[in-house]
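Student: Handing you a structure now.
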Amino acid sequence: MPAQKKTPLTLTSRFEADETGTLRHLPFDVPKGVDQFRVAVTYNDQIDSIPTLSGGNTLDVGLFDQQGTEAGGAGFRGWSGSARCEIVIGKTWSTPPYTAGVIKPGAWNVLLGAYKVAPNGMDVEIQIDFNPDVAIPDQPPVPDIESLQRAELPPAAERNWHRGDLHAHTVYSDGSETPAELAVRAYESGLDFYGITDHNRAQSPAKLVPRGDDWPVLVPGIEVTTYAGHFNVWGTDTWYDFRDPSPEGLQAAIDAAKADGGLVAMNHPKPFGPDWSYGADVKGYHSIEIWNGWWDRLNNVSLRVWDEALRRGERIVGIGGSDVHHLNELSTPDNPLSAARLGWPTLWVQAKKPLTAEGILEAVRAGRCFLSDSPAGPQIYLTREDYAVSARVVGGIGTALALVGASGIIATEAVTTDDQTWSFAVNVLGKGQTYVRAQLHNEHGGFRALTNPIWLKDPADPAS
Ligand SMILES: [Zn+2]
Numbered sequence: 008m009p010a011q012k013k014t015p016l017t018l019t020s021r022f023e024a025d026e027t028g029t030l031r032h033l034p035f036d037v038p039k040g041v042d043q044f045r046v047a048v049t050y051n052d053q054i055d056s057i058p059t060l061s062g063g064n065t066l067d068v069g070l071f072d073q074q075g076t077e078a079g080g081a082g083f084r085g086w087s088g089s090a091r092c093e094i095v096i097g098k099t100w101s102t103p104p105y106t107a108g109v110i111k112p113g114a115w116n117v118l119l120g121a122y123k124v125a126p127n128g129m130d131v132e133i134q135i136d137f138n139p140d141v142a143i144p145d146q147p148p149v150p151d152i153e154s155l156q157r158a159e160l161p162p163a164a165e166r167n168w169h170r171g172d173l174h175a176h177t178v179y180s181d182g183s184e185t186p187a188e189l190a191v192r193a194y195e196s197g198l199d200f201y202g203i204t205d206h207n208r209a210q211s212p213a214k215l216v217p218r219g220d221d222w223p224v225l226v227p228g229i230e231v232t233t234y235a236g237h238f239n240v241w242g243t244d245t246w247y248d249f250r251d252p253s254p255e256g257l258q259a260a261i262d263a264a265k266a267d268g269g270l271v272a273m274n275h276p277k278p279f280g281p282d283w284s285y286g287a288d289v290k291g292y293h294s295i296e297i298w299n300g301w302w303d304r305l306n307n308v309s310l311r312v313w314d315e316a317l318r319r320g321e322r323i324v325g326i327g328g329s330d331v332h333h334l335n336e337l338s339t340p341d342n343p344l345s346a347a348r349l350g351w352p353t354l355w356v357q358a359k360k361p362l363t364a365e366g367i368l369e370a371v372r373a374g375r376c377f378l379s380d381s382p383a384g385p386q387i388y389l390t391r392e393d394y395a396v397s398a399r400v401v402g403g404i405g406t407a408l409a410l411v412g413a414s415g416i417i418a419t420e421a422v423t424t425d426d427q428t429w430s431f432a433v434n435v436l437g438k439g440q441t442y443v444r445a446q447l448h449n450e451h452g453g454f455r456a457l458t459n460p461i462w463l464k465d466p467a468d469p470a471s
């Protein structure tokens, strides 16, 4: 449409209250000769996206270029959720999380997601300005690793165990810091690895962080974020469709991630997680995030979801992550309402050196991992011996060890020394125990550490 060349466009759309949770594409034409354009989105009665707030409007925004809107396709330029209402797309720089690159003329699409709609509806207006000449902001330099102070933590008590945190957000979705700033914090916190799992990101964070022998290992991921539940995928480079929140749509996205070799986790299945609303309709995830941020934020609900799966004989790996979004907000371990902190909880994995993202994910997939409340938190190693299960607790003085099976808590022990091991004979653990796992409690019953299960017999195989 030559008449529109360099002329600003205005698009409008309206969502009624009964269209809450629906998404739609709004096509617009990009003329020839555009090096940069700005998309400014406004709407009435705007409220924050936190799950506990309602009564107003929250709009999510994304963008597809002329290559189309196909699931997993190259046309996806980014999705900023409700975190940004003004977006600049350019040849050499775009507002994070959008991908920069040549702007080809043709039919592009703004993606609108009505996360929350007020009783009187949501009227959306989108102003698009071509070649607005917005100055590209300076990128903050990555500090020299020698200038950073790394936390001194107790070493891993057993060989080839490493600590990290696989669930974190940056400015490439609704976080406050850049991927490089997250890398710096991971190094300073003493972590060996860290994940970046931005919501529905279009581009892998791998090129956005410092790499090298001394830097923690990045495990690139994505948090596939739908209106009915979130799941993380690590180890692949593409994106997965988040636009169809039906069980069939979600199953197709999980299947696509698995076909690509990704490790899939059901995220925070608990109230305000936001929750996972698919129940048994959606299957095939490798793991469940049973510990998200501070333990007291209803993680006992997620733990129950996992325990129920284990009791059904499903060999699903329990994992955890901080889900940190803001590295510099007030964050205090004794206040579950304060901001999450990187490494709280810490995921420990057993993987050979040199540590790689593939080795970390392989360990998680195999269940060679446990959780502790922080990078300096207690370590707990649960191993199978011939006729016994042994639990070694290091750095856990003052905690209580609980051995948990299909029937609930089987045994408890007080931890009184810094490095203590117990052996539980399998034949006295009780009949019908298909698995045992271990957890460490503080004096208030809160969680300090938690292992994956050891399977004693296969419920499908009576001879085991
Ligand atoms: Zn999430």
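In the working numbering, each residue carries its 1-based index in the sequence shown increased by 7. Think of the CB as a built atom: it goes at the ideal place given N, C-alpha and C, for glycine as much as any other residue. No experiment lies behind these values; they were computed from the predicted model shown.
Spatial neighbours of P9 within its chain, please: C-beta separation below 8 angstroms, excluding the five flanking residues on both sides.
Tutor: With a pLDDT of 33 at P9, under the threshold of 50, the predicted position of this residue should be treated as unreliable, and no value is reported.
Student: Alpha carbon to alpha carbon, how far is Q156 from A190?
Tutor: 13 angstroms
Student: Bridge partners of G256, per DSSP?
Tutor: DSSP output for G256 lists no bridge partner at all.
Student: What residue does the beta strand (DSSP E) around I387 start on, and which one ends it?
Tutor: Q386 to R391
Student: Looking only at C-alpha atoms, which of K464, K111 and A259 sits nearest to D248?
Tutor: A259
Student: Can you tell me whether T390 sits near ligand 1, meaning its C-beta is under 7 angstroms from at least one heavy atom of the ligand?
Tutor: no
Student: When we look at the beta-carbon of Q146 and count the other beta-carbons within 10 Å, is it buried (16 or more) or exposed?
Tutor: exposed
Student: Less than 8 angstroms between the C-beta atoms of G228 and W241, yes or no?
Tutor: yes
Student: Report whether the distance from the Cβ of H332 to the nearest heavy atom of ligand 1 is below 7 angstroms.
Tutor: no
Student: At what residues does the beta strand (DSSP E) containing W241 begin and finish?
Tutor: G236 to W241
Student: Just reading off the alpha helix (DSSP H) that I367 is part of, what are its end residues?
Tutor: Residues A364 to R372.
Student: Are the beta-carbon atoms belonging to G79 and A263 less than 8 angstroms from one another?
Tutor: yes
Student: Please name the residue, chosen from P278, G63, R192 and L225, that lies closest to R311 on a Cα-to-Cα basis.
Tutor: P278
Student: Can V131 and V48 be called in contact, C-beta distance under 8 angstroms?
Tutor: yes
Student: Could you give the first and the last residue of the continuous beta strand (DSSP E) run that contains S309?
Tutor: Segment N306 to R318 is the alpha helix (DSSP H) holding S309; no beta strand (DSSP E) there.
Student: Give the straight-line distance between the Cα atoms of G441 and P161, rounded to the nearest whole angstrom.
Tutor: The residue you asked about is not Gly; residue 441 is Thr in the sequence shown. Cα to Cα, T441 sits roughly 34 angstroms from P161.
Student: Counting along the chain, where does the beta strand (DSSP E) carrying E188 start and finish?
Tutor: No beta strand (DSSP E) holds E188; the alpha helix (DSSP H) holding it covers P186 to E195.
Student: Spatial neighbours of L463 within its chain, please: C-beta separation below 7 angstroms, excluding the five flanking residues on both sides.
Tutor: V433, Q440, T441, Y442 and V443
Student: Leaving out five residues on either side along the sequence, give the residues of the same chain with a beta carbon under 7 angstroms from the beta carbon of A107.
Tutor: Result list for A107: G97, K98, T99, W100 and S101, in chain order.
Student: Of the residues N449, K438 and G415, which one's Cα is nearest the Cα of A421?
Tutor: N449
Student: Ignore the nearest five residues each way along the sequence and tell me which others in Q11's own chain have a CB closer than 7 angstroms to its CB.
Tutor: In this predicted model, Q11 has a pLDDT of only 45, less than 50, meaning its place in the structure is not dependable; the value taken from the coordinates is given anyway. D36 and P38, listed in sequence order.
Student: Count the other CB atoms, across all protein chains shown, that sit within 10 Å of the CB of G280; report buried if there are 16 or more and exposed otherwise.
Tutor: buried
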